[in-house]
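Residue numbers (my numbering), protein chains in the order written: chain A, 542 to 939; chain Y, 542 to 939. From the three backbone atoms N, C-alpha and C, an ideal C-beta is built for every residue, glycine too. Please read all numbers here as calculations on a predicted model, not as lab measurements.
2 protein chains.
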Amino acid sequence: MAIPVPAGFKLSGVYCGIKTLGEDPLDLSLITCDRDATAAGVYTTNLVFAAPVGLDRSRTPSQNIRAIIINSGNANACTGERGDRDAARMAELAAATCGAKADQALVLSTGIIGVFMPMEKIEAGVRDAAKLLASDEASLVNAARGMLTTDTTHKLASQSIPLGGRTVQITGMAKGAAMIGPKMATMLGLILTDAVISPADAQKILSIAVEDTFNCISVDGHMSTNDTVLLVASGAAGGQPLAGADLGTFAKALHAVAADLAKAIPLDGEGATHLVTVHVTGCANVDAARQIAKVVSESALVKTAIAGADPNWGRIVSAAGYAGVPFDASRVGLKVNGITLYVKGAPVEFDRVAASKSIRDNRDTTVELSFGEGDARARFWTTDLTAEYVRLNADYTT
Amino acid sequence: MAIPVPAGFKLSGVYCGIKTLGEDPLDLSLITCDRDATAAGVYTTNLVFAAPVGLDRSRTPSQNIRAIIINSGNANACTGERGDRDAARMAELAAATCGAKADQALVLSTGIIGVFMPMEKIEAGVRDAAKLLASDEASLVNAARGMLTTDTTHKLASQSIPLGGRTVQITGMAKGAAMIGPKMATMLGLILTDAVISPADAQKILSIAVEDTFNCISVDGHMSTNDTVLLVASGAAGGQPLAGADLGTFAKALHAVAADLAKAIPLDGEGATHLVTVHVTGCANVDAARQIAKVVSESALVKTAIAGADPNWGRIVSAAGYAGVPFDASRVGLKVNGITLYVKGAPVEFDRVAASKSIRDNRDTTVELSFGEGDARARFWTTDLTAEYVRLNADYTT
C-alpha cells in the first residue's frame, strides 16, 4: 500500500559518513516545506538532554517552520556549548536549502553521545540531500531510513481523512527506542500533515496522542537524552484552521498514526521475539492504571517469562503489587492470550501446555490485568527479554 | 573462620520433600530458643504478600518468640485462607518442638507461589528437624541451607562485640533475591543474637539497618511476595537491656552483619559475573541519592554494559537523568573503578582499553556518580546482566 507524502513537503535521505557501523547506511534526512508550517513537539524529560532537544523545545509550538534536518550516528548529547552551536548550524544549513531563515528549522539527532558532530560531513550531506528532495514514496522511505540506528527496518504509518470536503493526509516516521552499544539509540518520531492547524491545537493534540502511544511503550525502561516526537503541519490542504468536530477527527487520526508508529518500535526491539500488549483495567484512575502497566511492562522477570513461553502469573501479579498503586489484592484477575490464569486474587486451574503453546506460537502476546478499584484503564506495549537482547547490549566495548 | 551460634539458640536443617528440582536439597529449617526471645521484622511492601508475611507481621515486634520455621520450595503465597491456616499450623508445629505455645513462632517461606503447602511433608520434616537441633556450626550451616532456592551457596555473616563486660554474638543467614522459574525466590534474612534488647529498640535498629543494606540491593528490581528480614534476640548474653552507647555499638554491628548478608545476595545473583557498587554523592538529601542509585542499579543498559566490560558513561549518566530527581546536569561527575569518565557535565578523555580491562578483570565494579546539590549520599549494590541470567529466567515453563 502506497504511503503518500502530505502536500507541501519534500524529503530526502542520504549517507554522509556519520555512521561507521553496519546498520542501514543512510544517516542524514532533510525535509522541507514550501510554506511556513505549524510545528509542535514532545520531548524527553531526561535532565541530561541533547542539544537538538534544547533547540527544538525553544522553537515549538510555532508556525514558521520550513525545514527539519535529521541525522543518525551522532546524538549531539553531552557536547556542551559547542553542541548547541552545531545544532543551530545544522538548522541554518537545512533552512538555507529552501531559502528560509536560520531559526525556521528543527533538528533531530540520534546516535553516539559525547562526541562532537562531524560538521563538514553534515554540510556535504545537506548539499547532497537538497538535490534529492522530492515528494514521492521512495524519498519518504529514504528520509525514514536516515533516522534509523539499530532498527532492522524503517517505520512509517499514515492516515487519509476527509475533512470539510478536502482529504487531509497524515504521514509519520519513527525510529526505535532500544539503546545499544554507545550509540544511545533514541526514540524519534516525525509526523507530517497538510492540515491547517493552529500551533496551540497542534501542541495539545500531539501531547495527548504521545501520552497514550509513544509514552506507553517500553523496551528497556531507559529514557534517552534525545527522545523527541514532532508534528509539522504544512497547511497545504487549505481551508480554515481545524476546529470543533474536524479537529476531533484529525486528533483521532493523528492518534492512530502515533499508535502504529509506537507499536512498531517494540515490535522491532533488539532481539525481541514477542510484542506484548499489557491491558490494565478496573483502576481508580488512569495514572494508576498506567503505572501498573508500566511496571509490569518493564519487569525483567515478566519479559523473560514471555521469552520462555511461560504463562507465569506469579511474576505478573507480583509486579503489579510493587507498582506503588494501592489495590485490593483479592479482586485481581489475569488473562494471558485470553486464557484465565487468576481470578479474585487467586490462581485457577488452566491448561499450562496450551497456554505456553499460545505464547510460543504467536508473536503477539496479550496480558490482561483487572482490578476492582474503578473504571480507569491503560494499555502498554513492550517486548520480551531474550538472551539476544543481552548479547546485543553487552558485546560492545566503547 | 568459625561462625558461632549466639547463646540460647539451636538450629537444624533437613530435607522433607518440598523441593523437587536439583538445587541444594535441604528445604526445611528449624530454629528454637531456650527462653522467650525479642523479635522484630521488616517485610515486603508488595500488596500481594504471602501468608507467612502476614503471620510474622502480626507477631512482631514482640518478646515471647521461641521458634522460627523456614521452608524453601513453596512460598505459601496467593494461597488464600488455607495458606493462612497452613502458616499458622507451621508455627504451631515449630513451637511445639520446644514446648512453646502456637503463637510463639515465626515462619519464613520461599519457593513456588500459588500452590498449597504440602503439610504432611512439613509435619514429618519438623519431626526430623527437632531431633537434629544443635548449636554447632554444622547445624547453623544446615539451617542456612534450608532456606536456599536458586542460590549457589549458603550465606552467613557474624560479628562478636564486647558490651559491658560480656561478649555479644550476632549471626545472620540470608538467601538470594533473584527470582527464577515459577519459584519466585525471595530475599529472606534471619539474624540471631544473644543480646538483651527491647522489642521497640530491636525493631528500630533493624529497620534502619535494612533500609541501608537489604533495601539497597538490586538484582532484577522485582520485589517479591515473601521478602522478610527478622531479628531474634535470645537475651542469653545476660545483663540489662541494651541502651545508650551500648545500643549504638550493637546497632553498628548489626548493620555490618546485614551489609555482609546483603552484599552476598547480588554477588550470588543468577548468572552474574560482577558485583557492582554504585556510590551516589553530593545530593540534596538521602532519598534523592538513593533514588538515583536505585535507578542506575536497575538499568538494564547499565547492567549489560558492565557485563560487556564497557565503561559506558552515557548509559550511567542518562539513567541518573531519568531518576526523577532534579539536579544541575553541568555539575555531574562519574568515575568507574576509580577512572574519571565524566567531569562537570561532560565526558573527558580516558584510556578506554584500560577502563574496559579494569571491569573485565575484576569481579567488583565501582560506579561513583557525583552531583553538586548537597552532601547527601547513598550506596547500592547490584549485579551485571548477562545472557546467562536471561537463559535461567526464560528457559522454564510453568
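Does the Cβ of A:E839 have 16 or more other Cβ atoms within 10 Å, making it buried, or fewer, making it exposed?
buried
Residues near A:T923 by beta carbon distance below 6 Å, same chain, minus five either side:
S759, P807, V817, S838
At least one CB of chain A closer than 8 Å to the CB of Y:C574: is that the case?
no
Which of the three DSSP states, helix, strand or coil, is assigned to Y:N756?
helix
The segment 840-854 of chain A: positions lying closer than 8 Å to chain Y by Cβ
S840, A841, L842, T845, A846, A848, G849, A850, D851, P852, N853, W854
Note the first and the last residue of the continuous alpha helix (DSSP H) segment covering Y:G666.
660-673
Return the chain-ordered list of same chain residues with a C-beta closer than 8 Å to the C-beta of Y:D787, the five sequence neighbours on each side being excluded.
L704, G705
Whose CA, out of Y:I610, Y:A813, Y:R918, Y:A860, lies closest to the CA of Y:T906?
Y:A813
Straight-line gap, A:T886 to A:G582 (C-alpha atoms, nearest Å)
Checking the displayed sequence, the identity of residue 886 of chain A turns out to be Gly instead of Thr. Their backbone Cα atoms lie some 42 Å apart in a straight line.
Run through chain Y and tell me which residues come within less than 9 Å of A:C619, C-beta to C-beta.
W854, G855, V858, S859, A870, Y883, G886, A887, P888
For A:R707, which residues does DSSP report across the bridge?
A:L704
Boundaries of the alpha helix (DSSP H) in which A:L634 is found, first to last residue
621-637
Flag this pair as yes or no: are the beta carbons of Y:V773 and Y:C574 separated by less than 8 Å?
yes
Would Y:V894 be called buried (16 or more neighbouring beta carbons within 10 Å of its own) or exposed?
exposed
Partners in chain A for Y:V908, counting only beta-carbon separations shorter than 7 Å
Those do not exist, as Y:V908 stays about 15 Å from chain A at its closest Cβ, beyond 7 Å.
Coil, strand or helix - Y:I721 by DSSP
Summary for Y:I721: the model assigns pLDDT 38, below 50, so the residue's position carries little reliability; its value from the coordinates is reported in the next sentence. In the structure shown, Y:I721 sits in coil (DSSP, three-state: anything other than H, G, I, E or B).
Cβ pair count under 8 Å reaching 3, the segment 868-885 of chain A against the segment 780-795 of chain Y:
no
How about Y:I732 and Y:G713: do their beta carbons lie closer than 8 Å?
yes
Any Cβ of chain A within less than 8 Å of the Cβ of Y:L552?
no
Going straight from the alpha carbon of Y:I559 to that of Y:L647, what length do you get?
19 Å
Contact with chain A by Y:T923, beta-carbon distance below 8 Å
no
Cβ neighbours of Y:N853 in the same chain (closer than 6 Å, five flanking residues each side left out):
A846
What residues are listed by DSSP as bridge partners for A:L783?
A:L783 pairs with nothing; no bridge assigned.
Provide the residue span of the beta strand (DSSP E) that contains A:D575, from first to last.
569-584
Residues near A:P782 by beta carbon distance below 7 Å, same chain, minus five either side
V737, I738, S739
Rounded to whole angstroms, what is the Cα-Cα separation between A:D568 and Y:V819?
36 Å
Just checking, does the segment 863-880 of chain A make contact with the segment 580-599 of chain Y on the three C-beta pairs under 8 Å criterion?
yes
Just to make sure I have the definition right: I need the residues of chain A whose C-beta is within less than 8 Å of the C-beta of Y:S765. Which are they?
S859
Are A:A618 and A:A635 touching if we call contact CB-CB under 8 Å?
no
Looking at the secondary structure, which residues open and close the alpha helix (DSSP H) in which A:E890 lies?
Here A:E890 belongs to no alpha helix (DSSP H), and DSSP marks it neither H nor E.
Residue range of the unbroken beta strand (DSSP E) whose run includes Y:V819:
816-824
Report all residues from its chain with a CB closer than 8 Å to the CB of A:L674; omit the five preceding and five following residues, and keep chain order.
K551, L552, S553, L571, T573, T638, S680
CA-CA distance, A:T927 and Y:T579?
46 Å
To the nearest angstrom, how far is the alpha carbon of Y:S715 from that of Y:K696?
Per the sequence shown, the amino acid found at residue 715 of chain Y is Ala instead of Ser. Using only the alpha carbons, I get a separation of about 5 Å.
Is the beta carbon of Y:N767 sitting closer than 8 Å to the one on Y:T734?
no
Can you list the residues of chain A that Y:V589 reaches, using a CB-CB cut of under 7 Å?
V858, S859, G862, A870
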